[in-house]
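Here is the structure we will look at.
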Amino acid sequence: SQTIHQWPATLVQPVGSPLSLECTVEGTSNPNLYWYRQAAGRGLQLLFYSVGIGQISSEVPQNLSASRPQDRQFILSSKKLLLSDSGFYLCAGEPWGGYNEQFFGPGTRLTVL
Amino acid sequence: QKEVEQDPGPLSVPEGAIVSLNCTYSNSAFQYFMWYRQYSRKGPELLMYTYSSGNKEDGRFTAQVDKSSKYISLFIRDSQPSDSATYLCAMRKGGSEKLVFGKGTKLTVNP
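This is how it looks when you write it as structure tokens:
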């Protein structure tokens, strides 16, 4: 079975500080990978997705970026956090050939103060 | 008009009740329909997905799609307190890598 690991589970960061959230996938190769943000009352917002190493599609122009240095590793970064970056960040994966079977990690709750 | 609309609730029912959760959508290009369950402070988990209009059953859960009305439903029979969670509908256009999610409906099943 496929598993997504995310860390840390919670994070409190000051405004203007950098951010790096990492996501790794087990149990599948060549997955599509996704970063979502979930804010209260706003549902899941797709931030980035990747169909392969080094291939990143951005959905929302903002101060966040993503990278995929390895097949099963997906990283979300920021050089300077804003208050509005607070939220619940979820990494998701979709196995190669497993169309419509998107599975999620446990999430990272980020609070920017 | 948003692509996917979902009543956020909250919805509160007694144990054993039949629960009906619904989403509407505006874009007829959506071909695949999913339901996720999300417990508080956890990642969503896939419950069911369907492609064609009609019903799909899995245990106490039934997913229903009506493409002509652009309306999907999730029914939960014999609801249990452990079903208390937020339920998210999601949809996908053919050939797209992206899901579009509803905002979720928060369900509480009272013992």
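Chains A and B are the protein sequences, given in the same order.
Residues in the first sequence are numbered consecutively from 50, following the working numbering.
Residues in the second sequence are numbered consecutively from 2, following the working numbering.
Glycine included, each C-beta is placed from N, C-alpha and C at the ideal position.
Bear in mind that the values here come from a model prediction, so they are computed numbers and not experimental data.
*With 16 other CB atoms within 10 Å as the buried threshold, where does residue 77 of chain A fall?*
buried
*With respect to the beta strand (DSSP E) encompassing residue 105 of chain B, which residues constitute its N-terminal and C-terminal limits?*
First-last for residue 105 of chain B: undefined, no H or E at that position.
*Should residue 113 of chain A be flagged as near chain B, meaning a C-beta pair shorter than 8 Å?*
no
_With distance defined between alpha-carbon atoms, name the residue in A:50, A:104, A:62 nearest to residue 81 of chain A._
A:104
*Thinking C-beta only, is residue 102 of chain A closer than 8 Å to residue 86 of chain A?*
no
*Name, going along the chain, the residues of the region 5–31 of chain B whose beta-carbon falls closer than 9 Å to a beta-carbon of chain A.*
5, 7, 9
_I'd like to check one pair, residue 110 of chain B with residue 69 of chain B: are the Cβ atoms closer than 8 Å?_
no
*Does the beta-carbon distance from residue 32 of chain B to residue 89 of chain B come in below 8 Å?*
no
*For residue 99 of chain B, return the contacting residues in chain A, with the cut-off set at a CB-CB distance below 9 Å.*
83, 95, 98, 106, 108
*asked:* Bridge partners for residue 59 of chain B per DSSP, in chain order?
replied: Residue 59 of chain B pairs with B:62.
*Interface residues of chain A around residue 108 of chain B at Cβ under 8 Å?*
Per Cβ cutoff of 8 Å: no residues; residue 108 of chain B is ~16 Å from chain A at best.
*In whole angstroms, what separates the C-alpha of residue 89 of chain A from that of residue 42 of chain B?*
11 Å
*Inter-residue spacing [alpha-carbon to alpha-carbon] between residue 122 of chain A and residue 155 of chain A*: 15 Å
*asked:* Quick check on the DSSP output: the beta strand (DSSP E) that includes residue 142 of chain A runs from which residue to which?
replied: 136–143
*Where residue 13 of chain B falls, given that 16 or more other Cβ within 10 Å makes a residue buried*: exposed
_Proximal residues of chain A, C-beta to C-beta of residue 44 of chain B below 7 Å_ = 139, 153, 154, 155, 156
*Take the Cβ of residue 143 of chain A as the centre, count every other Cβ of all protein chains shown within 10 Å, and call the residue buried at 16 or more, exposed below.*
Burial state of residue 143 of chain A is buried, judged by a 10 Å Cβ sphere holding 16 or more other Cβ atoms.
*Looking at the C-beta of residue 103 of chain B, does it have a partner C-beta in chain A at a distance below 8 Å?*
yes
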